[in-house]
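Notes for the one structure printed next.
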Amino acid sequence: MELLNWENHTVIKLVLVFVTLYTIYGAIYRLFLSPLSKFPGPKIAALTGWYELYYDLILGGKYTFKLIELHEKYGPVLRITPFELHISDPGFYDEVYASSASNRKRHKYPLFYESFDMDYSMFATIDHDLHKYRRAALNPFFSLQNVRKLQPVIQERVSTMLERIRDFKESETVLNVSWLYAALTSDVVMQYAFARSDHRLERPDFDRANREGCFFGSTAANFMKHAPWLNAIFQSLPDQLTRLAHPLLAAFLAQRRVRYGHPTQLNIH
């Protein structure tokens, strides 16, 4: 028994030593040996992604504004994480982002796009050639001719919107215009992209669950960027459990399931 305990303690000590040495090596590499080590910026940002996480999560997505302050201190090229640079020079745009005329390939940044958990979408396609292939398949849908075909759909939805405005006027009820336009946009996009409409303009509250769920999803992107693996966990949770734990999360996940052909109706109270 004593021998077994000694062996267990030895294994634990070896693991701790390995983790310590690996951490020290990682810190030295990021600060002094990385190809990005020559660029200016806060050392803590070069050392760990927790610096960005603090501004994104604890301070509510303020890292974008912090970058303005850091550029004033360090210059136009700034190291903002162990693996990222931020450039504030508009003249450098064409150098960073490859245009179709340049014949240069530019793969998307995996750590950012993987946080959306949309691997098979054009938006989140990392590889340059595959993205170009997928985008080409969608291009005809955004041609001038096809967009013109959408005019009757838009006109019908706009007419419904005007009817709702008249209803609010006659009842002397306060109308939140941002909710109104969110419903109009959603109805048009859903009809064109999925050949179905949820008729959110006709709903008394313009589908509050959808609106607040989408807003929650946009704010949750700051969190998912740092923990993309949570997407799979959230998607696997039963609707009832998610609705009890976080109604807005449940509404957001319901909207995401639309792309898989499994829409879910949710009410938020």
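Residue numbers for the sequence shown follow this note's numbering, so the first one is 156 and each next one is one higher. Note that CB positions come from ideal geometry on N, CA and C, so glycine has one too.
Leaving aside the five residues that flank SER243 on each side, the residues in its chain whose CB is nearer than 6 Å to its CB run, in chain order, HIS226 and PRO231. By the C-beta criterion, the stretch 327-345 is judged not to be in contact with the stretch 165-180, since fewer than 3 inter-stretch pairs fall below 8 Å.
Collapsing the DSSP output to three states places LEU285 in a helix. Note that the C-beta distance between LEU202 and PRO237 is below 8 Å. For ILE223, the enclosing alpha helix (DSSP H) has its first and last residue at 218-229. Sequence-distant Cβ neighbours of PHE267 in its own chain, meaning closer than 8 Å and more than five residues away, are LYS380. Under a 10 Å Cβ-count criterion, ASN331 is classified as exposed, with fewer than 16 other Cβ atoms of the shown protein chains found around its own Cβ. With the rule of 3 Cβ pairs closer than 8 Å, the stretch 270-287 does not count as touching the stretch 295-302. Between MET316 and LEU339, the beta carbon gap of about 5 Å places them in contact (Cβ cut-off 8 Å).
With contacts defined as CB atoms closer than 8 Å, ARG312 and LEU240 fail to qualify as a contacting pair.
Here ASN377 is buried: its Cβ has 16 or more other Cβ atoms, across all protein chains shown, within 10 Å. Relative to the Cα of PHE271, the nearest Cα in the group ARG398, GLN390 and LYS287 belongs to GLN390.
For secondary structure counted as the alpha helix (DSSP H) over 4 or more consecutive residues, the stretch 157-196 holds these complete runs in sequence order: 157-183.
Closest in C-alpha terms to GLU318, from the list ILE388, PHE370, SER341 and ARG358, comes ARG358. Counting only the Cα atoms, LYS168 lies some 47 Å from PHE370. In this structure, GLU207 is the residue among GLU207, LEU214, LYS304 and TYR252 with its C-alpha nearest to the C-alpha of ILE235. If you compare the alpha carbons of LYS287, PRO265, ALA337 and PHE247 with that of ASN258, the shortest gap goes to LYS287. For TYR184, the number of other beta carbons within 10 angstroms of its own is below 16, and it is reported as exposed. In the DSSP annotation of this structure, ARG234 is not part of any alpha helix (DSSP H); the continuous beta strand (DSSP E) holding it starts and ends at 232-236. Boundaries of the alpha helix (DSSP H) around GLU325: 306-326.
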